[in-house]
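The block underneath contains the structure these notes are about, expressed in C-alpha cells.
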C-alpha cells in the first residue's frame, strides 16, 4: 500500500466515524466538535486531490466561521434548560432505512474501476492560461492575427484565483450579492422584537413622548 | 480493488457514506441545530465528489463549484441559525416536531 492510500484510509475512517458521532451525540456541543473534526479530515482529503486552495477555504470558512456560528447559537440556546425530550424522532427506523437505501444505491453505482483513473497528475489544476493575439505570416504573404493560448504552471491558489476573476467573474459577483442578502436576512430574522417596557426606555421613544407631553401642555394652557 | 493511489471511486464511496449519514441525521434527529449540522455534512459530501471529479478530469471547474457551494453553505448556516434563535424565542424549544403550526 502506498503512503497516500494509507493516509486516505486513516483520514476517511476518522471522517466517517466522527460524522456518525455528529448525528449520534445527544449534546449539540459534542456534535459541533465532531463536525469540526469531520471538516478538517475533509480538508485533508481535498489537499490530497490537488485542491489546496479549496482545502484552505474549507478550514477557514467551515472550521473557522460556520463552527463558531454554531457554537455561538448552542451557547445562546441553553440546551440544559430545554424540556427533557427524546433524541430521536418517532420515525427513526424509517430514517435509518432511507439512509441505508441511499448508501446501497451509491455503493452499487460506484463500482471500483468505473472511471478508469488516468495516471494521476494535478498539473492541470495548477495551470493558468493567458490569451494573446499574435501576428502570423501566412505562406502567401498575408498577415493574420491569431489568438494563442499559453498555459503557465503556477500554484493551485493562483490558478483558482485566475479562473474566479476571469472565467467565473459573474458567478463570483452573484455570490457576493448572495452573501449580502444572506447577511441582511439573518439580521432581520434574528432581530429581537422589543417588549412594551423595553420600548418605553429607548431614547427616540422618550423624546417623542416628552414632545407630545409638551404639546399637550401648551394646548391646555392656550 | 483499491489501487495504490486513492482512486476516484474510493472518494465517491467515502462521499456517498458521508451523504447517507447526513441524510439519516436530517431525518431522525429532533434537535434543529443537529439537523442543520447534518445538512452541512451532506454539502461536504457533495464537495468531496466535485473535488474528486475535478482531479479525475484535470479541470478546475469542480474546485470553483466547491467554493461556490461553501459560500452557499455559509449563507444557509447564518439564516438557518437566525431562524433557530427566533424559534427558540417564540416557543422556547428547538425541537423540529414542536414547530408544526403550518401542519394542516
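Residue numbers (this note's numbering), protein chains in the order written: chain A, 33 to 254; chain B, 99 to 202.
Beta carbons are placed, not taken as given, at the ideal position from N, Cα and C, and that holds for glycine.
Go ahead and label residue 110(A) buried or exposed: buried means 16 or more other beta carbons lie within 10 angstroms of its beta carbon, across all protein chains shown.
Residue 110(A) should be labelled exposed.
Residues in the region 71-82 of chain A with C-beta within 8 Å of chain B's C-beta atoms, listed in sequence order?
Listed by position, the residues of the region 71-82 of chain A near chain B (Cβ gap below 8 Å) are 71, 74, 77, 78, 80, 81 and 82.
If you follow the beta strand (DSSP E) that residue 183(A) is part of, which residue opens it and which one closes it?
175-185 is the span of the beta strand (DSSP E), which, as asked, contains residue 183(A).
Identify each residue in the region 171-198 of chain A for which the Cβ-Cβ distance to at least one residue of chain B is less than 7 Å, and report them in chain order.
If the cut-off is 7 Å between Cβ atoms, the region 171-198 of chain A has 191, 192, 195 and 196 near chain B.
Beta-carbon of residue 137(B) versus every beta-carbon of chain A: anything under 7 Å?
Output row for residue 137(B): interface = no.
Taking the alpha helix (DSSP H) that residue 241(A) belongs to, which residues open and close that run?
Here the alpha helix (DSSP H) through residue 241(A) covers 235-253.
Please list the partners that residue 229(A) has in chain D, where partner means a Cβ-to-Cβ separation under 9 Å.
Protein chains in the displayed structure are A and B, and chain D is not among them.
Does residue 214(A) get closer than 7 Å to chain B when you measure Cβ to Cβ?
Residue 214(A) counts as touching chain B.
Hey, is the region 66-74 of chain A in contact with the region 47-58 of chain A, meaning 3+ C-beta pairs nearer than 8 Å?
At 8 Å Cβ cutoff, the stretches touch.
Out of curiosity, what's the CA-to-CA distance linking residue 171(A) and residue 152(B)?
C-alpha separation (whole angstroms): 41 Å.
Check this for me: beta carbons of residue 188(A) and residue 211(A), under 7 Å apart or not?
Not in contact: residue 188(A) and residue 211(A) (Cβ atoms no closer than 7 Å).
What is the residue span of the alpha helix (DSSP H) that residue 223(A) lies within?
Residue 223(A) -> no alpha helix (DSSP H), and no H or E assigned at all.
Within 6 Å: the Cβ of residue 209(A) and any heavy atom of the ligand MG?
The ligand MG is absent from the structure shown, which contains no ligands of any kind.
May I have the straight-line CA-CA distance separating residue 199(A) from residue 158(B), to the nearest angstrom?
Their Cα atoms are separated by approximately 11 Å.
With H, G and I counted as helix, E and B as strand and the rest as coil, what does DSSP make of residue 247(B)?
A query on residue 247(B) cannot be resolved here, the shown segment of chain B reaching from 99 to 202 and no further.
Please state if the CB of residue 135(B) and the CB of residue 67(A) are separated by a distance shorter than 7 Å.
Result yes, Cβ atoms of residue 67(A) and residue 135(B) sit closer than 7 Å.
Have a look at the DSSP bridge pairing and note the partners of residue 161(A).
Per DSSP, 183(A).
Would you check if the distance between the CB atom of residue 237(A) and the CB atom of residue 243(A) is smaller than 7 Å?
Against a cut-off of 7 Å, the Cβ pair of residue 243(A) and residue 237(A) comes out as no contact.
Along chain A, in chain order, which residues have C-beta atoms closer than 9 Å to that of residue 197(B)?
Neighbours of residue 197(B) on chain A: none; closest Cβ ~13 Å, over 9 Å.
Check the C-beta distance from residue 139(B) over to residue 110(B) and give it rounded, since I have them as a contact under 8 Å.
About 16 Å separates the two Cβ atoms, so there is no contact after all.
May I ask you to report which of helix, strand or coil DSSP gives residue 59(A)?
Residue 59(A) falls in the coil class under three-state DSSP.
Here's the rule: buried if 16 or more other CB atoms are within 10 angstroms of the residue's CB, otherwise exposed. What is residue 209(A)?
With fewer than 16 Cβ atoms within 10 Å of its Cβ, residue 209(A) is classed as exposed.
Does residue 106(A) come out as helix, strand or coil in the three-state DSSP assignment?
It is helical.
Look at residue 131(A) and residue 161(A) and say whether their C-beta atoms are less than 7 Å apart.
Not closer than 7 Å, so no.
I believe residue 148(B) touches residue 164(B) by the beta-carbon criterion, under 8 Å. Please report the beta-carbon distance rounded to the nearest angstrom.
Indeed, because the Cβ distance is near 5 Å, the residues count as touching under 8 Å.
Since residue 166(A) sits in a beta bridge, which residues does DSSP pair it with?
Answer by DSSP bridge pairing, in chain order: 178(A).
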